[in-house]
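Okay, so here's the structure we're looking at.
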Amino acid sequence: MMASSYNAKEEDGHHSGASSHGGAGAVKSKKPDNTAFKQQRLPAWQPILTAGTVLPAFFVIGLIFIPIGIGLFVSSNNIKEFEIDYTGVGESSPCHSCAKNFSWNSTTPCLCSVDFTLEQPFESNVFMYYGLSNFYQNHRRYVKSRDDSQLNGDRSALTSPSKECEPYRTSEGLPIAPCGAIANSLFNDTLELYHIDANGTSNSIPLVKKGIAWWTDKHVKFRNPGGNGNLTVAFQGTNKPVNWRRPVYELDPSDSENNGFINEDFIVWMRTAALPTFRKLYRIIQKKPSSTPTLPSGKYVLNITYNYPVLSFDGRKRMILSTISWMGGKNPFLGIAYITVGSICFFLGVVLLIIHHKYDTRNNSADIPN
Amino acid sequence: PIMTMCPLYVEKERHVKANAWDYNAKFCYADNHIKTSKYNIFTFLPINLFEQFQRVANGYFLVLLILQLIPEISSLSWFTTIVPLVLVLLVTAVKDATDDYFRHKSDQQVNNRQSQVLIRGSLQNEKWMNVRVGDIIKLENNQFVAADILLLCSSEPYGLCYIETAELDGETNLKVRQALTVTSDLGDITKLMNFDGEVICEPPNNKLDKFTGTLYWRDNKYPLDNDNMLLRGCVLRNTEWCFGMVIFAGLQTKLMQNCGRTTFKRTSIDKLMNTLVLWIFAFLICMGVVLAIGNTVWESWIGRNFQVFLPWDESQRSAVFSGFLAFWSYIIILNTVVPISLYVSVEVLRLGHSYFINWDRKMYHSQTDTAAEARTTTLNEELGQVEFIFSDKTGTLTQNIMVFRKCSIDGRTYGDVYNEFDQKVEITEKTACVDFSFNPLCDRRFRFYDSTLVEAIKLEDPAVQEFFRLLALCHTVMPEEKSEGHLVYQAQSPDEGALVNAARNFGFVFRARTPETITLCEMGQAVTYQLLAILDFNNVRKRMSVIVRNPQGQIKLYSKGADTVIFDRLDPSSEDLMYTTSEHLSEFAGEGLRTLALAYKDLDEDDFEIWMKKLLFASTVIENREDQLGALYEEIEQGLKLLGATAIEDKLQEGVAETIACLNLADIKIWVLTGDKLETAMNIGYSCNMLRDDMNEVFVVSGHTLQEVQQQLSIFFFDKACLISNFSVLRSAKEHILGLSRVGSAGDVEKTDMFLHDSVFEETIIAEYALVINGHSLAHALEPLLEHILLDVACLCKTVICCRVTPMQKAQVVELVKRHKRAITLAIGDGANDVSMIKTAHIGVGISGQEGTQAVLASDYSFAQFRYLQRLLLVHGRWSYFRMCNFLCYFFYKNFAFTLVHFWYGFFCGFSAQTVYDQWFITLFNIVYTSLPVLAMGLFDQDVDDRTSLRYPGLYKPGQQNLLFNKRLFFLCTLQGMGTSFLLFFIPYGAFSVMVKEDQQAFAVTIATSLVIVVSVQIGLDKHYWTAVNHLFIWGSVTVYFAILFAMQSNGMFGILPSNFPFVGTARSCLSEQSVWLVILLTTVVCVVPGLAVSFLRVDLFPTLTDKVRHLQQSRKREGPQGQNLRRVRRTSSRRSAYAFSHQQGYGELITSGKNMRASAVSSAHSPGRTPHSSNWIENMLKRKNEVSCISDESGDRAKNRLPSSSTEPELH
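Quick note, the sequences are listed as chains B and U, same order. Quick note on numbering: the UniProt record's numbering labels position 13 of the first sequence as 13, and the sequence is numbered without any gaps. Quick note on numbering: the UniProt record's numbering labels position 2 of the second sequence as 2, and the sequence is numbered without any gaps.
Structure below.
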């Protein structure tokens, strides 16, 4: 009861007021706490955009980016890269007949060989890639058409693969292992490289097929069902993917450790590319212990077992040889981008500095109306 | 109890029989149980979920969820939608549940109040909720009335009882209710038991001042009206007890019927947001269509051939159908442009802002122990956009406390305090006040600072004595002496109470009255005057007089009234005195005091006899009685001798003038809407600096007819419009004038037409006008024909005061502005008469701590003092608006940057709705990785601190102009977001298209990491105020991102659910490459630098006031604290105030009829000379000791409220 108004009435309220005053000690006051948080007085850093903070930032960015860009550009230029298209589109290209006469049912592989010349020697480890263009490994239906449980060696997934694998889930009434469109479209050309030395003899260049997959993929993500026991038994009751010539446990006849789901070529293929033009690591040509370059300059022959059709969807197949540096493969984009951005920042800094000096008087606090 | 089936019918007439439960039960009237809660434990889940899914946003997300369950189009896993949706539903449900819990509690508290009900022959305590229609209940003094009851009898004579209706209509003066004569002697239980009257009356309605019914009892009919009713919400005063019969209970009471449904208020940002969300949907659909067409084209050109490796689904019959599916798939992935978390975050922010309001110590009023309260948590940012404030006067601007401040007696002023150098001293809390200990009957809380007046009293100066005698005699106050010497005055208006109380303190104590006598205790001597006549107050007379015969046998007329009225009736001998007094009056008025002139006259016995006879005759006449009486009064109130004048302060609440000045500087227009009289309202207008002498014109509209009002408005508007010479205004002026010609006279039009041609190019004058409009004029002005011109005129004026307005009109005025001005309105008030206005305005503010709680209950914000309004608006409102706008800008930016990457990617993945990111990233981005930093920004960011925002009210203006978030800014934000998404995609694309690690997962991790870093850097740049919390949240979010990234892609998680965590090992191998980090760095810089450059240029070249003030604030901080210039507002007014009595007819008639006298009081008028206190000197000594200083230990007491308002205000500086 809060009497207010004039004095006479106050009398009335006085008593209640006095009594409540007596009990005030017990009654908790509603006064809010005086904490910095509740009073919104938290200590704070209040940066504001001034010429003194922004302009140096621009110059600093410029000064840092330009050297990085130059470094990147130089190291990218030092990387040697050789690329050859062996799709066989043109009449004159050696693989033309293989490409044209491709048939899924042919039992004899079509062979063709491409000659090429390396102008410069390739030092240290050389990476051999195959590249595909216009190949939509990143299409949603393609990407999801796999069963990671199955690839991880899950027994139940092996016998009943995920629905995502449709239409490559079963064939002839048996579950497909590995199921799905990705596995089904495994790149299966075989590439061999020969060096033609000065006297015309061709020497096979040893291509290492191990160590091309990510460690986690090889050891965690992909596992054979039933561990490393007898793969033939493990994969019993499953069928090979429709397009495959051999079942998954016979992918690498030369190395029994490299079979089944942990076949490295298979793993590399299963890691889908982000863009429709991509390259995948195929083999590594290891540096020789002697001081001779890994791939000396000269003539080479690339022997191809042509199994993989791409012409039907206007695709291209390439073979790429490349050295790498600390920043990865050859990539002029990053270096140029860094140099450009650094220069623009620096230039912007100069422009802003000029503008700021020309119109400096405007930012004067004197004209604040009080 | 007999269970009766209650028919569902519309009640046309109510039949209630006293003490007849079975009879009344037939009708199934509502019981007195009140329920405002919405749910109970069992209905909570279904009802709450139903309500939640009625919201468009929730429904939309439900649809999305269903879409995702269709495998053909599901481009995202089901958990990306369901996790946020469940979280949102849960948060909202918890909030609703807590709200409802508090409603349950308050319902319970009200329902469990005790009342005494007559049951089976005895009074029994019952809970309020168990009181039924037809019950007879007993009420005691100071109790709330439990239901709408018919007054049967009371402790007072004639069945009178007094009630205070503050909760109902906001008026604080007492009102009289009277029982029917037949029932007024029912005052004992057995009689009441046997009472079996039946009331037939109107059905429940919400008209507070009307009631029609009939009581049938003992074969007689008695008409009932509102005077017989006590309504729920009233408080019984000065009446020991009364009995009543319940007519309406619970929800059918007039109070509850009046509550109305609170309309759900939405802020303008809310509305804008809804529009924007619709636009975004449209944009979303456009993107979907583009991508769907792309999909169709791609499938028919490339996909058809690519079937070697990717055959079409069985469901996919054609490229067109594939495009159709792609459309839906894209709708699903792109839906994150409007993330569900937006709505939740906005709610959380508003809740946080509300808590900051509740926690603000500077809006806490210690005297009443009330803190500010944000009762609605959804309107905060609108507080930063207010353009119009509609304020009640009494109790809002003023304290409704009248204080006797000064007087002028016989040409001398009293009341000012001078120091030893004869300089006027400003009265503060510390000024020593006069010691009234000589007077045992004094009111201890009365304060007066000028000791000369007491000295004059003690010297028995006859003029001074006569002055106070007049004050003690000439009034209609009722005294109540509960114990010896403990007087309580019941006055009809606070002014009167203050004057009588002043006389009491100066030794002329009004002690008792009977219909024929008035007993005073004059300087310790009891003197009884014979009361011969009361010439009562009314609005026309503006004065009241009493005619008394003193113990010496002389007949005297004492008169008090408005100065002009009294001065007109003075005896020529008082002329000199009149001039001096007149000067004093101007001086008083200049200080904003309400003045009255006092005069007396000695009457000749014979003349009086003759006059009295005429009076008696006139009072029996039926026709024209009022006029005849008025003429008679006029006849005798002539030739008065001036005594002096009083000056009463209608105390403004603390800091009102400063607050109004400050809000004016912030371009907020304040309109005062009051039920008070024109004079009082204008007086307050002057004293709180809304009206000033230096204003060009104070324009008063007081026409009685439509034409008059229209003419007044149009001519004023035309004049002013010419001066302002603004063409658009002029055009509308011309229209109004032409409109006038239809109604008004032809001559006027010609004249104004002439004006129109002549004065168009008159030079621009910045003029200040004020508009004062009367209630009855307002009624006409609010009609559709005139409302436009009213609004135009009102907007030309700096100050608008509407007086004598009804609650309904208050709401209409607010509605008018709301409808036509597209401005945010705020209504502030304290009484139930302000409820309609508070509910109508965009924002309603209730002043709490006063008597009624109705206004507070209807309000969105409540606090104890008007002055807190400036902090609420300029600090909290401004901050809320600023924060909300920044939040929204950033939020839209962030989500566009996040989502549109999918759009760009669509062109490289065959428009197949393949997502760029990991599913988990999409799920968590909005609710985990980026939610806390933006929330912290929305909660804690401050561009300038609270003191600065109060110092520079101009900082408030951007809010009114919607500058911080509008459609243009939305476009800029989304554009920036799109730009960022473009760069976020194409820089990694450029880098990856030739890089070794071009697999999709590494690409996803790179873009996601860049995105998280870019948006974190961007929020760092957008933020103005980095507290520890902000640091924690920003750095923490980035850390959490990496932690979750590695955790999700760890061997362990993969081992548990291989198919849900396909990204195993990506982060490890990808982020260990330097080149990836170089890409991230490049992306971050490229995304952030353009924005930085643009905002730097803006601040540097076109700084807003905020930028300048920030700059100043920082340089000042560097220099250390300086002396701050104080802004004080001084009242400068020399305006005369007028008679300021209650606007009702006085109680004179009631007094002379003796109706309201208690039997005991009549018989025992105090005998002279026997005031026991005068002899008890020890007691006196003790009292004196306690009262030497006025700064007593009453600090907890409300009395402190009445200390002078001149104390400084720390918030202002």
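For glycine and all other residues, C-beta sits at the position ideal for the given N, C-alpha and C.
C-alpha distance - residue i paired with residue j, whole-angstrom precision
i                 : j                 : result
Gln1001 (chain U) : Phe1061 (chain U) : 12 Å
Ala179 (chain U)  : Glu626 (chain U)  : 27 Å
Glu373 (chain U)  : Trp359 (chain U)  : 8 Å
Gly52 (chain B)   : Gly342 (chain B)  : 20 Å
Ile200 (chain U)  : Asp135 (chain U)  : 15 Å
Val91 (chain U)   : Val337 (chain U)  : 21 Å
Tyr330 (chain U)  : Ile1007 (chain U) : 19 Å
Arg405 (chain U)  : His33 (chain U)   : 48 Å
Thr764 (chain U)  : Leu379 (chain U)  : Confidence at Thr764 (chain U) is low in this model, with a pLDDT of 38, below 50, so its placement is unreliable and the value that follows should be read with caution. Those two C-alpha atoms are separated by around 39 Å.
His704 (chain U)  : Asn774 (chain U)  : 9 Å
Val16 (chain U)   : Thr36 (chain U)   : 26 Å
Lys100 (chain B)  : Val308 (chain U)  : 15 Å
Asn274 (chain U)  : Leu69 (chain U)   : 27 Å
Leu570 (chain U)  : Glu637 (chain U)  : 9 Å
Asp792 (chain U)  : Phe717 (chain U)  : 8 Å
Three-way DSSP call (helix, strand, coil) for residue i in this model
i                : result
Met682 (chain U) : helix
Gly910 (chain U) : coil
Cys28 (chain U)  : coil
Met544 (chain U) : strand
Asp627 (chain U) : helix
Asn274 (chain U) : helix
Ile34 (chain U)  : coil
Lys601 (chain U) : strand
Gly298 (chain B) : strand
Leu160 (chain U) : strand
Tyr222 (chain U) : strand
Local Cβ density within 10 Å of residue i, reported as buried at 16 or more and exposed below that
i                : result
Cys286 (chain U) : exposed
Phe588 (chain U) : buried
Pro223 (chain U) : exposed
Gln812 (chain U) : buried
Asn24 (chain U)  : buried
Pro289 (chain B) : exposed
Asp255 (chain B) : exposed
Tyr579 (chain U) : exposed
Ser341 (chain U) : buried
Glu314 (chain U) : exposed
Lys560 (chain U) : buried
CB-CB length for residue i against residue j, believed under 8 Å
i                      : j                : result
residue 1225 (chain U) : Ile847 (chain U) : This structure leaves residue 1225 (chain U) out entirely; chain U is present only between 1 and 1213.
Phe911 (chain U)       : Leu291 (chain U) : 5 Å
Ala858 (chain U)       : Ile838 (chain U) : 5 Å
Margin query: If the cut-off is 9 Å on Cβ atoms, which residues from the region 945-978 of chain U count as contacting chain B, listed in chain order?
Written below: Asp945, Asp946, Arg951, Tyr952, Gly954
Notebook entry, point to check: Which residues, in order along the region 311-328 of chain B, keep a beta-carbon less than 9 Å from a beta-carbon of chain U?
Noted result: Ser312, Phe313, Asp314, Gly315, Ser322, Ile324, Trp326, Met327, Gly328
Check: Between the region 342-362 of chain U and chain B, which residues of the former have CB atoms less than 9 Å from a CB of the latter, in chain order?
Finding: Tyr355, Phe356, Asn358, Trp359, Asp360, Arg361, Lys362
Next item on the list: Return the residues of the region 910-930 of chain U that lie within a Cβ-Cβ distance of less than 7 Å from chain B, sorted by chain order.
Entry: Gly910, Ser912, Ala913, Gln914
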